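J.:
There are 2 protein chains.
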Amino acid sequence: MSGEAIRTISFAGAGNVAFNLAPALFKAGYEIRCIHGRNPENTGQLAAMVNAKPVFNVDEIDGETDLLILALPDQVIPGFSLSVKNAGRFSGIMVHTSGSQSLGAITQYHANGGVFYPLQSFTKVTRPDISGIPICIEGATAETEAVLMELAGKLSGDVRRVDTSQRALIHLAAVFASNFTNYMYSVADCLLSKTEVKPDILLPLIHETALRINGGDAATLQTGPAVRRDWSTIDMHLSMLRNNPEIREVYKTISELIVKLKETGGAC
Amino acid sequence: MSGEAIRTISFAGAGNVAFNLAPALFKAGYEIRCIHGRNPENTGQLAAMVNAKPVFNVDEIDGETDLLILALPDQVIPGFSLSVKNAGRFSGIMVHTSGSQSLGAITQYHANGGVFYPLQSFTKVTRPDISGIPICIEGATAETEAVLMELAGKLSGDVRRVDTSQRALIHLAAVFASNFTNYMYSVADCLLSKTEVKPDILLPLIHETALRINGGDAATLQTGPAVRRDWSTIDMHLSMLRNNPEIREVYKTISELIVKLKETGGAC
């Protein structure tokens with residue numbers, strides 16, 4: 282198939298991404314044919330959720346499926362694509378869902394390839410509403426790209442054409458904006474766990490910090506001791522962290538960079 | 282006054298905290314008598330918003346006000362408290378709004394003292410809804426504390442008795458959860474500003490990361506290359522940051538700490 286709309290979809294992978302994408306596509310009316318996985322429990326569970334067949338060998342993946350989505354760890358994507366080629370049965374569109382892997386990770390073994398990268402942090406237990414999630418699409422041909430953009434448009438109102446190098450930068454930015462941010466939350470949790478103060482005290486602050494950047498750029502909205510150059514508070518905090526040398530170093534480094542942010546107007 | 286409910290309030294300071302607290306208290310029905318400030322424009326603007334008198338000398342602060350709120354930078358709080366003592370006119374309750382300053386920063390010069398610390402990041406332009414903000418109260422006496430808790434209860438449904446050492450730890454945790462998080466957003470903004478990708482692409486991810494921690498502890502919800510030990514992505518990101526040595530170092534340090542987080546189950 283090429284240029285025709287996608288009707289049937291299979292997945293390789295039964296991890297966080299597949300656990301969010303497969304049910305969303307199923308709900309949007311697509312037929313999910315197979316879920317290929319290694320872990321029998323996760324694979325079976327996800328397959329049951331979307332009325333698909335759980336399979337454990339590459340040559341069991343339905344060769345007639347219009348689209349095969351590799352929702353796999355980055356490092357196994359090229360190898361899996363090669364296995365599918367070697368199995369010699371699949372001729373549809375093959376995409377991966379990775380921020381950092383190139384389009385070539387698919388197309389080196391499967392010409393009709395693409396990328397379907399939903400910019401969101403998924404876990405099996407948290408199910409964000411996909412309709413507002415940006416989906417970044419890249420296709421080996423304009424035709425494949427059009428078909429993938431149509432599919433993405435069935436899930437989300439925010440579909441963008443993004444090439445491999447832009448996508449890598451978006452993913453890097455997302456590591457700062459989400460993964461490192463979550464790490465900061467975990468430090469805060471940990472500090473409060475040493476007192477009788479419940480960590481829920483921080484939730485309104487965390488929400489406000491995240492929601493207000495809709496209205497402006499983050500550098501302008503920076504608050505706290507470092508941007509105020511409140512050295513006595515900074516010294517007090519460093520002293521409170523004296524038994525946590527690693528966290529103390531993070532505090533010191535980021536505070537210095539925030540001071541600089543104010544001077545230069547930009548973080549990088 | 283002691284033990285009687287507060288009816289009239291004055292402020293020292295016309296910065297981010299006063300610009301949020303004074304209008305909220307005014308709206309809650311309190312009479313705002315004076316706004317003391319240094320900057321004529323901010324002081325006049327805030328005073329006009331809450332129907333108060335703008336004043337620029339300590340001895341102009343209405344001595345009959347039930348409560349004087351020092352919404353001032355940490356380092357000037359003790360000095361301002363001393364000035365009020367020297368002016369010799371004010372006998373009501375005096376509080377500061379700082380996370381890091383002790384109760385003693387007030388009570389060393391003014392016995393009837395307290396702390397009124399709203400745990401939120403305020404700017405003059407963002408006005409979070411105060412009703413959901415935790416307010417941490419400390420008072421020199423049980424009576425003062427009760428009066429302050431009653432006042433705080435008029436603004437927020439989340440009022441907590443928090444002593445100086447707990448408050449300092451909450452403030453330190455808040456620096457990680459809010460100020461450092463905002464810094465991570467500014468790095469992400471800055472990285473994207475070098476492409477044609479608009480930074481609003483990150484908003485759904487940022488919101489989801491902040492909102493989902495309602496349901497669990499941050500360490501468990503950690504996602505991204507580091508927690509997956511995806512070294513090839515980490516190496517690629519470090520290489521992309523080769524022209525930003527400081528940001529590269531932040532990436533490296535936090536990634537190493539996230540790997541450790543998984544091993545130890547806690548951030549500190």
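Taken in order, these protein sequences are the chains called A and B. Residue numbers for the first sequence follow our numbering, so the first one is 282 and each next one is one higher. Residue numbers for the second sequence follow our numbering, so the first one is 282 and each next one is one higher. Glycine included, each C-beta is placed from N, C-alpha and C at the ideal position. In this text, all values refer to a predicted model and were calculated from it rather than measured experimentally.
#1: Between the Cα of threonine 378 of chain A and the Cα atoms of A:Thr504, A:Val531, A:Thr445, A:Arg288, which residue gives the shortest distance?
#2: Using a beta-carbon distance below 8 Å, is isoleucine 290 of chain A in contact with chain B?
#3: How long is the line joining the alpha carbons of glutamate 618 of chain A and glutamine 447 of chain A, rounded to whole angstroms?
#4: Determine whether the Cβ of isoleucine 487 of chain B lies closer than 8 Å to any Cβ atom of chain A.
#5: If you run the structure through DSSP and keep just helix, strand and coil, what is isoleucine 414 of chain A?
#6: Would you say isoleucine 528 of chain B faces chain A, with C-beta separation under 8 Å as the test?
#7: Run through chain A and tell me which residues come within less than 7 Å of asparagine 301 of chain B, C-beta to C-beta.
#8: Against chain B, does isoleucine 387 of chain A count as a neighbour if the rule is that its beta carbon must be under 8 Å from one of theirs?
#9: What is the DSSP secondary structure of serine 291 of chain B, reduced to helix, strand or coil?
#10: Name the two residues that bound the continuous beta strand (DSSP E) containing valine 478 of chain B.
#11: According to DSSP, simplified to helix, strand and coil, what is valine 406 of chain A?
#12: Return the CA-CA distance between arginine 408 of chain A and asparagine 301 of chain A, expressed in angstroms with no decimal places.
#13: Could you tell me which whole beta strand (DSSP E) segments of length 3 or greater appear in the segment 366-402 of chain A?
#14: May I ask which residues mark the beginning and end of the alpha helix (DSSP H) holding isoleucine 515 of chain B?
#15: Quick check on serine 383 of chain B: buried or exposed, where buried means 16 or more other Cβ atoms within 10 Å of its Cβ?
#16: When burial is assigned at 16 or more other CB atoms within 10 Å of the CB, is threonine 501 of chain B buried or exposed?
#17: Could you spell out the range, first to last residue, of the alpha helix (DSSP H) harbouring glutamate 341 of chain B?
#18: Measuring straight from C-alpha to C-alpha, what distance separates threonine 422 of chain B and isoleucine 287 of chain B?
#19: Pull up the distance between the alpha-carbon of proline 506 of chain A and that of isoleucine 414 of chain B, whole angstroms please.
#20: Is it true that the CB of aspartate 340 of chain A sits closer than 8 Å to the CB of alanine 368 of chain A?
#21: Ignore the nearest five residues each way along the sequence and tell me which others in alanine 309 of chain A's own chain have a CB closer than 8 Å to its CB.
#22: Can you give the Cα-Cα distance for serine 283 of chain A and threonine 425 of chain A, rounded to whole angstroms?
#23: Check whether chain A comes within 8 Å of tyrosine 464 of chain B, counting only Cβ atoms and requiring the distance to be less than that.
#24: Measure from the C-beta of serine 513 of chain B to each C-beta in chain A and report whether the shortest distance is under 8 Å.
#25: Among B:Gly380, B:Pro321, B:Phe371, which has the Cα closest to the Cα of tyrosine 390 of chain B?
#26: Using beta carbons (cut-off 8 Å, strictly below), is methionine 430 of chain A in contact with chain B?
#27: According to a CB-to-CB cut-off of less than 8 Å, which residues of the segment 391-415 of chain B neighbour chain A?
#28: Let me know if glycine 394 of chain B comes out buried or exposed under the rule of 16 or more other beta-carbons within 10 Å of its beta-carbon.
#29: Is the distance from the Cβ of methionine 330 of chain A to the Cβ of leucine 453 of chain B below 8 Å?
#30: With a threshold of 8 Å between beta carbons, is leucine 552 of chain A in contact with chain B?
#31: From histidine 488 of chain A to alanine 293 of chain A, what does the alpha carbon distance come to, in whole angstroms?
#32: Cβ of valine 376 of chain A within 8 Å of Cβ of isoleucine 411 of chain A?
#33: How many angstroms separate the CA atom of glycine 420 of chain A from the CA atom of valine 443 of chain B?
#34: Which residues in chain B have a C-beta closer than 7 Å to the C-beta of cysteine 549 of chain A? List them in chain order.
#35: With distance defined between alpha-carbon atoms, name the residue in B:Arg509, B:Leu483, B:Thr462 nearest to proline 538 of chain A.
#36: Could you check what DSSP says for arginine 442 of chain A in three-state terms: helix, strand or coil?
T.: Straight from the coordinates:
#1: It is A:Thr445 whose Cα lies nearest to the Cα of threonine 378 of chain A.
#2: no
#3: Past the edges of chain A, shown from 282 to 549, lies residue 618 of chain A, and the structure says nothing about it.
#4: yes
#5: coil
#6: yes
#7: Per Cβ cutoff of 7 Å: no residues; asparagine 301 of chain B is ~11 Å from chain A at best.
#8: no
#9: strand
#10: Where valine 478 of chain B is concerned, there is no enclosing beta strand (DSSP E), given that its DSSP letter is neither H nor E.
#11: In the structure shown, the three-state DSSP call for valine 406 of chain A is coil.
#12: 6 Å
#13: Here the runs fully enclosed are 374-377, 394-399.
#14: 512-521
#15: buried
#16: By the neighbour-count rule (16 or more Cβ atoms within 10 Å), threonine 501 of chain B is not buried but exposed.
#17: Counting along the chain, glutamate 341 of chain B falls outside any alpha helix (DSSP H), and DSSP gives it neither H nor E.
#18: 15 Å
#19: Rounded to the nearest angstrom, the two C-alpha atoms are 20 Å apart.
#20: yes
#21: Contacts found: Lys435, Leu436.
#22: Low confidence applies to serine 283 of chain A: its pLDDT is 46, below 50, so where it sits in the model is not reliable enough to give any reading.
#23: yes
#24: yes
#25: Ranking the options by Cα distance to tyrosine 390 of chain B, first place goes to B:Phe371.
#26: no
#27: Leu400, Gln401, Ser402, Phe403, Thr404, Val406, Thr407, Pro409, Gly413, Ile414, Pro415
#28: buried
#29: no
#30: Examination of residue 552 of chain A is not possible in this model, given that chain A is present from 282 through 549 alone.
#31: Cα to Cα, the separation comes out at about 35 Å.
#32: no
#33: Between the C-alpha atoms of glycine 420 of chain A and valine 443 of chain B there is a straight-line separation of about 57 Å.
#34: Val468, Cys471, Leu472, Asn525, Ile528
#35: Looking at the sequence provided, one finds leucine at residue 538 of chain A rather than proline. Out of B:Arg509, B:Leu483, B:Thr462, B:Thr462 has the C-alpha closest to the C-alpha of leucine 538 of chain A.
#36: strand
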